[in-house]
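There are 2 protein chains.
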Amino acid sequence: MQTDKFGFGTQIRKSPFFDATIRWGATEFSVYNHMYIPRDFGSTEQNFWNLINDAILCDVAVERQVEITGPDAATFMQMLTPRDLSKLSVVQCKYILVINADGGILNDPVLLRLAENHFWMSLADSDILLWAQGVAVNSGLDVKICEPDVSPLQLQGPKSGEIMTALFGERIMELRYYWLIEIELDGIPLVVSRTGWSSELGYEIYLRDGSLGDTLWEKIMAAGEPFGLKPGHTSSIRRIEGGMLSYHADADINTNPYELGLDRLVNLDIEAEFIGKAALSHIRDNGVNRKQVGLFIEGEPLSGPNTTFWPLIQRGKVVGKVTSAIYSPRLKQNIALAMVSTGCAKLGTKLEVSMSSKSVQATIVPKPFYDPKKKIASI
Amino acid sequence: MQTDKFGFGTQIRKSPFFDATIRWGATEFSVYNHMYIPRDFGSTEQNFWNLINDAILCDVAVERQVEITGPDAATFMQMLTPRDLSKLSVVQCKYILVINADGGILNDPVLLRLAENHFWMSLADSDILLWAQGVAVNSGLDVKICEPDVSPLQLQGPKSGEIMTALFGERIMELRYYWLIEIELDGIPLVVSRTGWSSELGYEIYLRDGSLGDTLWEKIMAAGEPFGLKPGHTSSIRRIEGGMLSYHADADINTNPYELGLDRLVNLDIEAEFIGKAALSHIRDNGVNRKQVGLFIEGEPLSGPNTTFWPLIQRGKVVGKVTSAIYSPRLKQNIALAMVSTGCAKLGTKLEVSMSSKSVQATIVPKPFYDPKKKIASI
């Protein structure tokens, strides 16, 4: 049985869509939030073309939700992020950073507000459930924090709107970018948001009953078939083209928002207290020593993503590291995100990339590498 | 390059011993604490025999350390666990549970006390760094919490003592079970403790400089060669024989210590406050609805560990689940850890195991399944 290949027995969780993804051709899995995530359906390049030309359905149940409810939920939620939540409406979403007391990034979830005092954080790969429960211990606030039975799928790509219409009717077209709706599909309880991790038109479909994973997957694939929907996985090519972060690769607990140019996600002038406010003020006032940049890397097309952080060299000195690199078949170009010393971060700067077996030249360029609609800045 | 097979680029970390394990024949990896861990060097059964007959060296850098220092470190550390730490000496270790406010288990680390106010928790698979930092936010205690540059190896098996003597000289034989020593090997800074995850004689060797991983690995393998040392990985067979927990499989945030029979790790009568004290008192006073038990499972030898939680059935009703099952080639028996309703937890009870393709009989038996020295109870 193919599933025996993957790891530790029951120590790593299976998504409610696991059996479906195996049936639909998943050949390789990774692990994210203690759960298997499909990473290959035969060709990562074909998956990219499927995404940008038609649509793909991705099992992202690994985006575990942290649910915060209780009378003080809104106050508590604001404690967890430097982004101003005072204007976050019910049924609206925001891309936020979760920050520790030192200003380090713990996660970059999508925040969903289901009700006045009902929030979900749809997580990148770290146990924010433990962080939030830990913060709550001595907070004096009345909140309940748990991981609910919620498992998202991503339906992404230019045809995703038509497929959603086929599934939910015309009214789903009224759903605006970074808003959500509570909805059912033939009795299957869902939340749907117009969000994703692809920089393409797309939706996330949050299954609220893990026992119905197989049914939901098959319904969506059946509705999508006439539109060319393919089973897929989050595309490293597309997300790097879009300059989107992968937590642990491009950001971690030792990275702060200013280094990443994410100033827009930090609102230091709000009255509310949030964790990391003093540290972030200090960093803003004193500046940062390094900055995230985009790179074009010369030479042959990379055969896959970098699996180590490649040092960046200038005049014989290490001045930074490549965090995520890949070949974009659309741009016909090796593209990368990198963290470099502020003094070397100017556009046009030439740096040397030290790979294990060779060195190649790179040039700092604007990012995102491909973003016709400039959607990122608007969420 | 073989390493390209594994996942997400830089999103999952590589251990300082990663290249060494590849060189020494690691063929399969899993992911634990956001880091690759070798899970196969060709035969998991041979790995088991190597462990119990001779010795194996295992890359367990995934056991990330949470370091707690600062003037209030000891007070803070006691807040994090229900085990009485008042008699924990400097250079002593203890197996502890980290518990949330509801009495749920967040981790089961080995705690190392390096100095009066200097602790490491050597973690199972969850982000206790975030939990501890979260708890600290409003604690009013002066502590510093970080993940230091520390990467453990496990040297386990009956020959491990001789190999340690070859490496460190006769004085290492004075190191008692669950004690530690700060030590160097040819200038490589280390901590060594007499601990492990095998129920065999064994040591953990904590490398304190990640750049020296390759050097350390080769030195140990060279010293061990005359004693039959083999590269290996933590053995699911041996740990299940020993009744040792695997976090997420046998315990999780919804499991409490009393369900696991770990009452000895909970000291409700100490004066110090710790998180979960009220919840654990309530559970102790009211009893639990389910208990962990050992099982013999009939039928053909299992071809590998269970990859789903198999339901346990009694008279047509689900009364529990198998959490970890495996075939022990030493006992010539399928053995398992399971969680069952208290009413069905008596020794000798017959239950039906519902696997995906068939049902087989099982009997509740004492655990550990193999523990000639009864070491577990003494730590």
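Residue numbers (my numbering), protein chains in the order written: chain E, 5 to 383; chain P, 5 to 383.
For glycine and all other residues, C-beta sits at the position ideal for the given N, C-alpha and C.
Since we're looking at a predicted model, the values are computed, not measured.
I need the boundaries of the beta strand (DSSP E) containing residue 365/E, first residue and last residue. 363-369
To the nearest angstrom, how far is it from the Cα of residue 367/E to the Cα of residue 314/E? 15 Å
For residue 296/P, count neighbouring Cβ atoms within 10 angstroms of its own Cβ and tell me buried if that reaches 16, exposed if not. buried
By how many angstroms is the C-alpha of residue 294/P removed from the C-alpha of residue 349/P? 8 Å
Sheet register partners of residue 298/P (DSSP bridge): Residue 298/P is bridged to 341/P and 369/P.
Where do the N-terminal and C-terminal ends of the beta strand (DSSP E) with residue 122/E fall, by residue? 122-126
Measure from the alpha carbon of residue 330/E to the alpha carbon of each residue in 180/E, 361/E, 239/E and 277/E, then state which is nearest. 239/E
What three-state label does DSSP hand residue 381/E in the structure shown? Low confidence applies here, because residue 381/E scores a pLDDT of 35, under 50, leaving its location unreliable; read the following figure in that light. In the structure shown, residue 381/E sits in a helix (DSSP, three-state: H, G or I).
Taking residue 38/P as the reference, give the member of 220/P, 249/P, 236/P and 18/P with the closest Cα. Measuring C-alpha to C-alpha distances from residue 38/P to each of 220/P, 249/P, 236/P and 18/P identifies 18/P as the nearest.
Give a yes or no on whether the C-beta atoms belonging to residue 337/P and residue 373/P are separated by under 9 Å. yes
When burial is assigned at 16 or more other CB atoms within 10 Å of the CB, is residue 5/P buried or exposed? Interpretation of residue 5/P is limited by its pLDDT of 27, a score under 50 that renders its predicted location unreliable; no figure is taken from the coordinates.
May I ask you to list the residues that DSSP assigns as paired with residue 236/E? 62/E
Separation of residue 272/E from residue 31/P, as counted between CA atoms: 49 Å
So, for residue 353/P: in the same chain, excluding its five sequence neighbours on each side, which residues have a beta-carbon less than 6 Å away from its beta-carbon? 368
Does the segment 94-101 of chain P come close enough to the segment 180-191 of chain P that 3 or more CB-CB pairs lie under 8 Å? Taking one beta carbon from each stretch, the segment 180-191 of chain P and the segment 94-101 of chain P have 3 or more pairs nearer than 8 Å; the two touch.
At which residues does the beta strand (DSSP E) containing residue 354/E begin and terminate? 354-358
Can you name the residues that DSSP bridges to residue 111/P? 102/P
Listed by chain order, chain P residues near residue 136/E by CB distance under 8 Å: Per Cβ cutoff of 8 Å: 138.
Provide the residue span of the alpha helix (DSSP H) that contains residue 43/E, from first to last. Run containing residue 43/E: none in the alpha helix (DSSP H); it sits in the beta strand (DSSP E), 39-44.
Pull out every residue of the segment 317-332 of chain P whose Cβ sits closer than 7 Å to any Cβ of chain E, in chain order. Taking 7 Å as the Cβ-Cβ cut-off against chain E, the residues of the segment 317-332 of chain P that qualify are 327 and 328.
Quick one: any contact between the segment 57-74 of chain P and the segment 224-241 of chain P, if contact means 3 or more CB pairs under 8 Å? yes
Could you tell me which residues DSSP pairs with residue 264/P in its beta bridges? DSSP, once it has assigned bridges, lists no residue as partnering residue 264/P.
I'd like the list of long-range same chain contacts for residue 49/P, defined as Cβ closer than 8 Å, with 5 residues on each side in sequence excluded. 241 and 333
Name the residues in the segment 233-253 of chain P whose C-beta lies less than 8 Å from a C-beta of chain A; which are they? Protein chains in the displayed structure are E and P, and chain A is not among them.
Secondary structure of residue 241/P, DSSP reduced to three states: helix
Quickly, what does DSSP pair residue 192/E with across the bridge? List them, please. 189/E
Smallest Cα separation from residue 77/E: which of 176/E, 196/E, 145/E and 346/E? 145/E
How would you list, in chain order, the residues of chain P whose beta-carbon sits under 8 Å from the beta-carbon of residue 54/E? Annotation: residue 54/E has no Cβ neighbours in chain P at a cutoff of 8 Å; minimum Cβ distance is about 19 Å.
Less than 9 Å between CB atoms is the rule here; does residue 342/E satisfy it with respect to chain P? no
Kindly list, in the order they appear in chain E, the residues whose Cβ is closer than 7 Å to that of residue 38/P. 129 and 252
Cβ separation of residue 127/P and residue 113/P, assumed to be a contact under 8 Å, to the nearest whole Å: 5 Å
Taking 7 Å as the limit between beta carbons, can you name the residues of its chain near residue 259/P, skipping five residues before and five after? 108 and 109
Which residues in chain P sit within 9 Å of residue 105/E, going by Cβ to Cβ distance? 137, 140 and 141, listed in chain order.
Using a C-beta cutoff of 9 Å, does residue 291/P count as contacting chain E? no
The alpha helix (DSSP H) with residue 329/P in it runs from where to where? Premise fails: residue 329/P lies in the beta strand (DSSP E), 321-332, not in any alpha helix (DSSP H).
Can you list, in chain order, the residues of its chain whose CB lies under 6 Å from that of residue 245/E, leaving out five sequence neighbours each side? 332, 373 and 374
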